[in-house]
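Colleague: Numbering follows this note's numbering, with no gaps: position 27 of the sequence shown is 43.
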Amino acid sequence: MFKHRLWHNGILAILRGFNEQEAYDTVQALIEAGIFTIEVTSDSPNAWRVIDALKTREPRLVVGTGTVLDTETAREAIESGADFLFSPVVRPEVIQIAHRYGRMAIPGVMTPTEALLAMESGADIVKLFPAGSLGVNFLKELRGPFPYIPFIPTGGITAENAAAFIQAGAVAVGMGSALVKKDWLKTKNYAEITRLAKQIGQEISVAVL
């Protein structure tokens, strides 16, 4: 389910610091653009309640937890109903817990050594972070020795570079504030979120042709 949803659109939307209603309203705007894969970061206020509420109110979603740095957070995320665990680092014990409970594990890497360690530890997908700083060419070169690793670049992904990362070999991109802009949230301009998400989705579709 997770890979089907993610591969279909190519965008993982990252929500950080949203309350339940903000998250729900934002997700509705994203769904209109065809985005069904959502990450709620664990450092968000009431993150577990937000995840539970999203999955209860919108069963079509695949909702995971981000910024999972330890086993305690991993367990709490799984208990809240998280479908996957997203992390900026490689913690083999977090990957083990995810698999024990049938969840997907997506650890973060920024070097070839870390990428190999992630796969050897059982990663389902690998998060390339911070992708914006590393750049598109870095991903292209990393794909040389590791063509079998499914990468999701995250951190610094924008409307301007999302499609380029897909062309470079990414299976999807993770987008946060560049997709859901704070000004739009303050003014409840959810139509703009939908518009931008559709635009990026269309550019990604062209990139994979």
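A virtual CB, placed ideally from N, CA and C, is assigned to each residue, including glycine.
Quick one, are the C-beta atoms of Leu31 and Ala213 less than 8 angstroms apart?
Modeller: Here the question's residue 31 lines up with position 15 in the sequence shown. Here the question's residue 213 lines up with position 197 in the sequence shown. In this structure, Ala213 does not lie closer than 8 angstroms to Leu31 by Cβ.
Colleague: Have a look at Tyr164 and Thr203 and give me their C-alpha separation to the nearest angstrom.
Modeller: Here residue 164 is taken as the residue at index 148 of the sequence shown, counted from 1. Here residue 203 is taken as the residue at index 187 of the sequence shown, counted from 1. Taking the straight line from one Cα to the other gives about 43 angstroms.
Colleague: If Thr87 sits next to Val110, beta carbons under 8 angstroms apart, how far is it from one beta carbon to the other, in whole angstroms?
Modeller: Taking the sequence shown and counting its residues from 1, the one referred to as residue 87 is at position 71. Taking the sequence shown and counting its residues from 1, the one referred to as residue 110 is at position 94. That pair is a contact at about 6 angstroms.
Colleague: Could you pull out every unbroken beta strand (DSSP E) segment of at least 3 residues lying fully inside the stretch 18 to 85, listed in chain order?
Modeller: Those beta strand (DSSP E) runs which fall completely within the stretch 18 to 85 and span 3+ residues are 27 to 31, 53 to 57 and 78 to 82.
Colleague: Look up Ile168 in the DSSP assignment and give the residues it is bridged to.
Modeller: Counted from its first residue, the sequence shown places residue 168 at position 152. Ile168 is bridged to Lys143.
Colleague: Using DSSP with H/G/I as helix, E/B as strand and the rest coil, what is Ile182?
Modeller: Start at 1 with the first residue of the sequence shown, and residue 182 comes out as number 166. Ile182 falls in the helix class under three-state DSSP.
Colleague: Cα separation between Val196 and Leu133?
Modeller: Position 180 of the sequence shown, counting from 1, holds the residue named residue 196. Position 117 of the sequence shown, counting from 1, holds the residue named residue 133. Their backbone Cα atoms lie some 32 angstroms apart in a straight line.
Colleague: Quick one: what's got a C-beta closer than 6 angstroms to Pro123's C-beta in the same chain, skipping five residues either side?
Modeller: In the sequence shown, counting from the first residue as 1, residue 123 sits at position 107. Ser103, Val106, Ala134 and Ala139, listed in sequence order.
Colleague: Tell me Leu101's beta-bridge partners as DSSP assigns them.
Modeller: In the sequence shown, counting from the first residue as 1, residue 101 sits at position 85. Note: Leu101 sits in a beta bridge opposite Thr81 and Ala121.
Colleague: Please tell me whether Ser96 and Ile141 are closer than 8 angstroms, where the distance is taken between their beta carbons.
Modeller: As a first step, residue 96 must be located in the sequence shown, where it is residue number 80. As a first step, residue 141 must be located in the sequence shown, where it is residue number 125. For Ser96 and Ile141, no; Cβs fall outside 8 angstroms.
Colleague: In or out: Asn35 buried (at least 16 other Cβ within 10 Å) or exposed?
Modeller: Walking along the sequence shown from the start, residue 35 turns up at place 19. Per the 10 Å Cβ criterion, exposed.
Colleague: Roughly how many angstroms separate the alpha carbons of Thr89 and Ile113, rounded to a whole number?
Modeller: Within the sequence shown, numbered from 1, the residue matching residue 89 stands at position 73. Within the sequence shown, numbered from 1, the residue matching residue 113 stands at position 97. Roughly 11 angstroms between the two C-alpha positions.
Colleague: Apart from the five residues on each side of it in sequence, which residues of its chain come closer than 7 angstroms, Cβ to Cβ, to Ala49?
Modeller: Position 33 of the sequence shown, counted from the start, is the residue given in the question as residue 49. So the list reads Thr210, Ala213, Lys214 and Gly217, once near-sequence residues are dropped.
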